[in-house]
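These notes are about the structure you will find just below.
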Amino acid sequence: MNRSFLARNPSILWFLALLGLFTLVVTVLSEGLGVGMISTSFVKTLGKTLCLCLIAVAMDVVWGYCGILSLGHFAFFGIGGYAIGMWLMYARTETIVERSLANQVIPPTPQEVSDAIASQIFGVVGASELPSLWAFAHSLPLQLLMVVLVPGLLALVFGWLAFRSRVTGVYLSILTQAMTLALSLYLFQNDSGLRGNNGLSGLQNIPGMGDVPQGVLSVWFLWASAMALAVGYVLFAFVTSGKMGSVIRAIRDDEARVRFLGYHVESYKLFVFTLTAIVAGIAGALYYPQAGIVNPAEIAPIASIYLAVWVAIGGRGRLYGAVMGTVFVTLLSSWFTGGGAPDIDLGFYRIQWTDWWLVLLGLAFVAVTLFAPQGLGGLVNKLKGARAKEAKA
Amino acid sequence: MSTLLEMSGVSVSFDGFKAINNLSFQIGEPELRAIIGPNGAGKTTFMDIITGKTKPDEGRITWGEKNISLLGKSESQIAREGIGRKFQKPTVFEAQTVRENLAMALRNPRGPFDVLFYKKTQEGADRIEAIAEQIGLSDALPRLAGELSHGQKQWLEIGMLLAQEPRLLLVDEPAAGMTPAEREKTTEMLVNAAKTRAVVVVEHDMEFIRRLGCRVTVLCEGAVLAEGSIDHVTSDPQVIDVYLGR
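Going line by line, the protein sequences match chains A and B. Numbered according to UniProt numbering, the first sequence spans residues 1 to 393. Numbered according to UniProt numbering, the second sequence spans residues 1 to 246.
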């Protein structure tokens, strides 16, 4: 009974071992640090996929385990990206400005430096002053704090209002869609203080690491993403195991009954919603420096719906299912939309996969929901079942 | 025997329909009480009001030695005060094991962080074993609750209530859909439970209530029609008229 938490959950160790092996293999094959069989851009794709896996695991906890179909978690992911992006842009622009002002006869005043940075960053939206939103942008620790605080607080306030009023089911999903849509529309405005539809760009250039080639940086970010996924996975495995897991699964299945057992259901939902939002923010903060750019289109409502599709295809209610679904769908998606799949010429019509991929994805989603509700993760059960049968025979 | 729960002058209406009409009711500790009444008499609404699911339009509900008011408390607060409820349809968590179901109900701190860092104790395990024995599910502890028979689910739910260690237990139609043997066992469980606490049983089945051998309250149109021993109420002409005579 008192065996350690990891010993009771062997699938965690399996996952960590595979993740470690994957990271090692990619490092050895990478252009930056290894033999050069994997291009830098593909290393970045893999690193980004790991970040997407992390938010998918969070989504699985909030939806698959706790039954809250949030269709707004990508908003928290985007906020994390914006929070880190502000520091990246500010600090890099600062070094450029300081270098260009260095050979002036009269040394520039701090105000002049700050104005120059502002007009560099905001010239594109016709402004030349740093909005108050950027008050902490000069400091990495403060912006890192924002990565956690802003998604956390937004989720806390939103969740408190929604759960307290007992908004559940499809109504809650619609509300979360409205939240991410509102945020995205707000960010599209030029005077939002975050460069409107231009978003924040040049995020792949890490300030103070100008000498490190992108090939090496990409591997470092892959490691960081793998580390974050590992920590997040163990954290969520801890939350969903034991008595806490029991209670949140019970809330998913019959929340009224849980209330009559004396549990304050709203607190539990709020806890799960906020914790997953924070992890989503951290995943976003690691994703966007690898993507290089974050803009309001990233947090459009459709992004959060994709997230739900990955988790559904991977299999709800098991953490590795979310990872499987995300890896499978995103890599397949980049193969289809990146011209990897040859177009099919039917004579009267030419199937171009860049257009038809979404149809395929939609069909896959419907098929999984109807015929394989356990998703890809269900395959693991089949395998286990087969092995158990062999052992018996 | 001291009064544990007292309702006085409670009324509630849904869209103009008076489901509960100036109802007064009290129960002591320990006591076993049966509530009967025709369909629509307000039996389930009565339970909904006590457990905080439905807010009454008027009236008072006081609880315990200090006569604290239950109005304005949430369902979970009322449950933590010591009121447990069993639903008509067995509602156990079918995707979880019998042990997990019972562990969730065990009387322990209920906050999210208490639960997150909860450590299993030998005491808790013993308690679960003891309750499982009481409800005849000792061998079923590692099984999924969804695999149990209908009767076993009913017992598991009663076991979950016992694990909560409530002072008042509200039980809605516990014998529905049970075989005669299962009924007998259920009767025994409830009579035992009522030795140390207050138990209110809502039931249609006269024979079942007769076996409980307790005071009976007859509800009709949201108010108390008669109260007393089973023989007393079954000979009441009003009761015969609205309920038994049909």
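Note that CB positions come from ideal geometry on N, CA and C, so glycine has one too.
Worksheet item: Taking the beta strand (DSSP E) that Thr318(A) falls in, what are its first and last residues?
Response: Per the sequence presented here, residue 318(A) reads as Arg, with Thr not at that position. Premise fails: Arg318(A) is in no beta strand (DSSP E) and is neither H nor E.
Worksheet item: When you compare only the Cα positions, how much space is there between Gln96(B) and Ser119(A)?
Response: 60 angstroms
Fill in: Start-to-end residues for the alpha helix (DSSP H) that takes in Arg110(B)
Counting along the chain, Arg110(B) falls outside any alpha helix (DSSP H), and DSSP gives it neither H nor E.
Worksheet item: Does the count of Cβ pairs from the stretch 81-99 of chain B and the stretch 251-262 of chain A closer than 8 angstroms reach three?
Response: Contact between the stretch 81-99 of chain B and the stretch 251-262 of chain A is present, with at least three C-beta pairs closer than 8 angstroms.
Discussion item. Quick check on this structure: which residue in Ile282(A), Trp220(A) and Val265(A) has the alpha carbon closest to the alpha carbon of Cys53(A)?
Written reply: Ile282(A)
Worksheet item: By DSSP, does Ala198(B) sit in helix, in strand, or in coil?
Response: The answer is strand: DSSP assigns Ala198(B) an E or B state.
Worksheet item: Is the CB-CB distance between Lys44(A) and Ser225(A) below 7 angstroms?
Response: no
Item to complete: Check whether the Cβ of Phe273(A) lies closer than 7 angstroms to any Cβ atom in chain B.
Response: Phe273(A) does not count as touching chain B.
Worksheet entry | Contact set between Gly377(A) and chain B, taken where Cβ atoms lie within less than 9 angstroms | Those do not exist, as Gly377(A) stays about 15 angstroms from chain B at its closest Cβ, beyond 9 angstroms.
Item to complete: Report the rounded CA-to-CA distance for Asn2(A) versus Thr121(B), giving the unit in angstroms.
Response: Bear in mind that a pLDDT of 47 at Asn2(A), under 50, signals an unreliable position, so the model cannot answer this.
Discussion item. I'd like to know whether the C-beta atoms of Leu5(B) and Trp63(B) end up nearer to each other than 7 angstroms.
Written reply: yes
Item to complete: Tell me the start and end of each unbroken alpha helix (DSSP H) in the stretch 253-307 of chain A that is at least 4 residues and wholly inside, in chain order.
Response: Scanning the stretch 253-307 of chain A from its first residue to its last, the whole alpha helix (DSSP H) runs of 4-plus residues come out as 255-260 and 265-291.
Worksheet item: Where does the unbroken alpha helix (DSSP H) through Glu81(B) begin, and where does it stop?
Response: For Glu81(B), the enclosing alpha helix (DSSP H) starts and ends at Glu75 to Glu81.
Worksheet item: Who are the neighbours of Ser267(A) on chain B, taking C-beta pairs under 8 angstroms?
Response: Scanning chain B for C-beta atoms nearer than 8 angstroms to the C-beta of Ser267(A) yields Gly111 and Pro112, reported in chain order.
Discussion item. Considering Cα atoms alone, identify which of Asp60(A), Ile278(A), Ile351(A) and Leu200(A) is closest to Val134(A).
Written reply: Looking at the sequence shown, residue 134(A) is not Val but Trp. Per the Cα distances, Leu200(A).
Worksheet item: Okay, do the stretch 175-187 of chain B and the stretch 140-157 of chain B touch, 3+ Cβ pairs below 8 angstroms being the bar?
Response: Taking a cut-off of 8 angstroms for Cβ pairs, the stretch 175-187 of chain B and the stretch 140-157 of chain B touch, as three or more such pairs fall below it.
Fill in: Residue range of the beta strand (DSSP E) that includes Asn21(B)
Phe17 to Glu29
Discussion item. Can you list, in chain order, the residues of its chain with a C-beta nearer than 7 angstroms to that of Lys195(B)? Leave out the 5 residues immediately preceding and following it.
Written reply: Pro30
Item to complete: Starting from Val216(B), follow the beta strand (DSSP E) in both directions and report where the run begins and ends.
Response: Arg215 to Cys220
Item to complete: For Gly82(B), I'd like the list of residues in its chain whose CB is within less than 7 angstroms of its CB, leaving aside the five on either flank, ordered along the chain.
Response: Pro166, Arg167 and Leu168
Item to complete: Under the assumption that Val167(A) contacts Leu154(A) (Cβ atoms under 8 angstroms), give the Cβ distance between them as a whole number of angstroms.
Response: That belief does not hold up - the Cβ atoms of Val167(A) and Leu154(A) are roughly 16 angstroms apart, past 8 angstroms.
Worksheet item: Any C-beta of chain B sitting closer than 7 angstroms to the C-beta of Lys243(A)?
Response: Yes, Lys243(A) counts as interfacial toward chain B.
Worksheet item: In terms of DSSP beta bridges, what is Phe14(B) paired with?
Response: Its beta-bridge partners are Phe17(B).
Worksheet item: Looking only at DSSP bridge pairs, what is Gly84(B) linked to?
Response: Bridge partners of Gly84(B): Leu169(B).
Practice prompt. Taking only beta-carbon positions, decide if residue 413(A) is within less than 7 angstroms of chain B.
Written response: Past the boundaries of the shown model lies residue 413(A); chain A is included only from 1 to 393, so the question cannot be answered.
Worksheet item: Between the stretch 120-140 of chain A and the stretch 322-336 of chain A, do at least 3 Cβ pairs fall closer than 8 angstroms?
Response: no
Discussion item. Against Tyr65(A), what residues of chain B qualify as contacts under a CB-to-CB distance less than 8 angstroms, listed in chain order?
Written reply: Residues of chain B passing the Cβ test: none, with the nearest at roughly 11 angstroms.
Discussion item. Helix, strand or coil for Asp345(A)? Go by DSSP, reduced to three states.
Written reply: strand
Practice prompt. Could you list which residues in chain A have their beta carbon closer than 7 angstroms to that of Glu75(B), in chain order?
Written response: Arg259 and Phe260
Worksheet item: At which residues does the beta strand (DSSP E) containing Thr62(B) begin and terminate?
Response: Glu58 to Trp63
Worksheet item: Along chain A, which residues have their Cβ under 9 angstroms away from the Cβ of Met104(B)?
Response: For Met104(B), the residues of chain A that pass the 9 angstroms Cβ criterion are Lys243, Ser246, Val247, Ala250, Val258, Leu261 and Tyr263, in the order they occur in the chain.
Discussion item. Counting only C-beta atoms, is Met1(A) closer than 7 angstroms to chain B at any point?
Written reply: In this prediction, Met1(A) scores a pLDDT of 41, lower than 50, which makes its location untrustworthy; the coordinate-derived value is nonetheless stated afterwards. Yes, because at least one Cβ of chain B sits closer than 7 angstroms to the Cβ of Met1(A).
Worksheet item: Any C-beta of chain B sitting closer than 7 angstroms to the C-beta of Asp60(A)?
Response: So, not an interface residue.
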